[in-house]
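Residue numbers (the working numbering): 107 to 276. Glycine included, every Cβ here is placed at the ideal spot set by N, Cα and C. Computed from a predicted model, the values in this text were never measured in an experiment.
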């Protein structure tokens, strides 16, 4: 028991502080969905001072640990523990590109595949012509060339099939 008390009285190592800080932040994220309390090393001091005697050495050790973790911060200045600065920069770049592209997620549940068999050598040219044709506007969500033709995804496959068949002359 005396060894445990002695261990609690001694200042923790920087690595121990890092581990504690990570646990605190991950608990915060698991409970609240994001970090809403910790912006600086001093924000962690109440917790550390409940385990170790308050001292300048403890404060410096916690500061070193925070600096060593090199955690990025969100737009409000709170630490983000589960990402590196590079990951956060990449994520922000993706957000910018999604915004620029006016991107949205579209469920494919309501869409059915329809396959147009064509000569592989001309499938790309044919798809480009279909893409630029007002005749096919809003008839399909997406279309891709495949080894044997063009694969469409559409909400109304029978309507698209009738249109395609009307253009096939034998």
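- The alpha carbon of residue 135 has as its nearest neighbour, out of 184, 121 and 171, the alpha carbon of 184.
- For residue 125, the enclosing alpha helix (DSSP H) stretches over residues 120 to 138.
- For residue 220 and residue 234, the gap between their C-alpha atoms comes out near 17 Å.
- The alpha-carbon of residue 117 is positioned some 54 Å away from that of residue 213.
- Straight across, the Cα-Cα distance linking residue 246 with residue 125 is about 52 Å.
- Bounds of the alpha helix (DSSP H) holding residue 271 are 263 to 273.
- Burial of residue 177 is indicated by the presence of at least 16 other C-beta atoms within 10 angstroms of its C-beta.
- Taking a 10 Å sphere around the C-beta of residue 141, we find 16 or more other C-beta atoms and assign the residue as buried.
- Across the structure, residue 223 and residue 236 are spaced so that their CA atoms are roughly 14 Å apart.
- Counted as a single uninterrupted DSSP element, the beta strand (DSSP E) harbouring residue 223 occupies residues 218 to 223.
- Assigned with DSSP and collapsed to three states, residue 189 falls in coil, not helix or strand.
- About 35 Å separates the Cβ atoms of residue 209 and residue 172, ruling out a contact at the 8 Å cut-off.
- Here the alpha carbon of residue 248 sits roughly 20 Å from the alpha carbon of residue 272.
- DSSP, reduced to helix, strand and coil, places residue 143 outside both helices and strands of the structure shown, so it counts as coil.
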